[in-house]
Structure formats: C-alpha cells, structure tokens
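In this note's numbering, the protein residues as written are 17 to 207. Written below as structure tokens is the structure these notes are about.
Laid out in structure tokens, this is it:
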C-alpha cells in the first residue's frame, strides 16, 4: 500500500481548474522591475506542488501554460500567446512546466513521511526544484533573446527576485498546509 492522496475525478478537475484561475490572478498581480515583472506566480506554484498529488499538480500547471500558449491572456501583464512564451521572459514559464514535472516525479518517488520535519523537507525540495528549474530555463532564454552575457542576465533577471521568490514559496507552501488541514479531500489516503 502506498501512502498519498487520491482524488475523485470531479474533485481533481475542480481543484485543477481553480488552481489555473488562481495562478492566472497571481500572474496579473504584476509590478514591473526592469525587463522582468514581479508577480505572485511562484507563490501559487509552491501552493500547487505542495497541495496536490503529482498528477493534479502537473495537470494544473500544464493546463495554465497551454491556455496561455493558445492566446488566452493568463500570463503577467494580461498577455498570452506564443509570443509570450518565446519572448525574453518565456523561459520562466517553460521552467514552471519543467519544474512542476520534476517536482511531480520526485513526489511520486519520495513517499510522504509521517513525521512533520521530513515532510516539510520533502515539500521544500519540491518548491526549490521548481524555482531552480524556472531560473535555469528563464536565464537561458533571457540570454538567448536579449544577447546578454550570463552574469549581466543573472543580475537583471534573477538576482533581484531571489529573496522575494523564496518568501513567496514559503507563503504558498504554508497556505497549502492550511488547506490540507481544512479539506478532507486532501487528507484521504490511497487504499
């Protein structure tokens, strides 16, 4: 018997749809800081990867990216379309998908411990993996599109956001813990 949570199909679809909507709203909270805007996306991404089982987390994030890619204005600045994904900041969006996929893989391989501290370390690893993938993909694409050198691109596209992103990830994970405690659907064990 493996431990974890399982959701009914209707719960899975409803919560994934709600996550896509919340991720969209968090991306619209946008403060331009140079070429990269400050958004609340990373907070919502941490929320999603900590709260959901791997399949639902991946479905939510990939659904968000797909909706944005076809032109629905779900990305920062109320933009959408392939131009957003192929532009200077699009690598961060691609990194959201890659990071969520890797976090989902780790979550499926590393079963949830019963003790609090190992469970928090497991969840922190999901958020860290997601953030590092986003940074790596974002930096590569930012350099490719703008032609900046690695150090200059890092200074502009990542360095100003590290402390804020870590704080947003911690807040998102905390919200996920509160919701797990409040909703029985997230506490149900697999049989």
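Yeah, the Cβ is synthetic: ideal placement off N, Cα and C, and Gly gets one too.
Should residue i and residue j be called a contact, given that it needs their Cβ atoms to be closer than 8 Å?
i           : j           : result
residue 118 : residue 149 : yes
residue 63  : residue 180 : no
residue 124 : residue 70  : yes
residue 65  : residue 186 : no
residue 40  : residue 90  : yes
residue 36  : residue 83  : yes
residue 67  : residue 146 : no
residue 184 : residue 59  : yes
residue 43  : residue 92  : yes
residue 171 : residue 155 : no
residue 61  : residue 108 : no
residue 56  : residue 45  : yes
residue 157 : residue 86  : no
Please list the terminal residues of the continuous alpha helix (DSSP H) segment that includes residue i.
i           : result
residue 83  : 70-85
residue 178 : 178-198
residue 175 : Run containing residue 175: none; DSSP gives neither H nor E here.
residue 41  : 25-44
residue 66  : 57-67
CB-CB under 6 Å to residue i, same chain, minus the five flanking residues each way: which ones, in chain order?
i           : result
residue 151 : 174
residue 207 : Residue placement at residue 207 cannot be trusted, given a pLDDT of 33 that sits under 50; what the coordinates show is reported in the next sentence. Cβ within range, chain order: n/a, list empty.
residue 198 : none
residue 129 : 135
Give the range of the beta strand (DSSP E) segment to which residue i is assigned.
i          : result
residue 49 : 47-49
residue 54 : 52-54
Whose C-beta lies closer than 7 Å to the C-beta of residue i among residues of the same chain, with five residues either side of it excluded?
i           : result
residue 166 : 159
residue 161 : 103 and 104
residue 47  : 53 and 54
residue 176 : 49
residue 26  : none
residue 139 : 66 and 189
residue 32  : 72, 75, 76 and 79
residue 141 : 122
Excluding sequence positions up to five away, which residues of its chain have a Cβ less than 8 Å from the Cβ of residue i?
i           : result
residue 120 : 65, 70, 71, 73 and 74
Original post:
Does the region 124-133 touch the region 76-85, meaning 3 or more C-beta pairs lie closer than 8 Å?
Top reply: no
Original post:
Where in the region 95-167 do unbroken runs of the alpha helix (DSSP H), each at least 4 residues long, occur, reported from the N-terminal end onward?
Top reply: 98-102, 106-125 and 132-162
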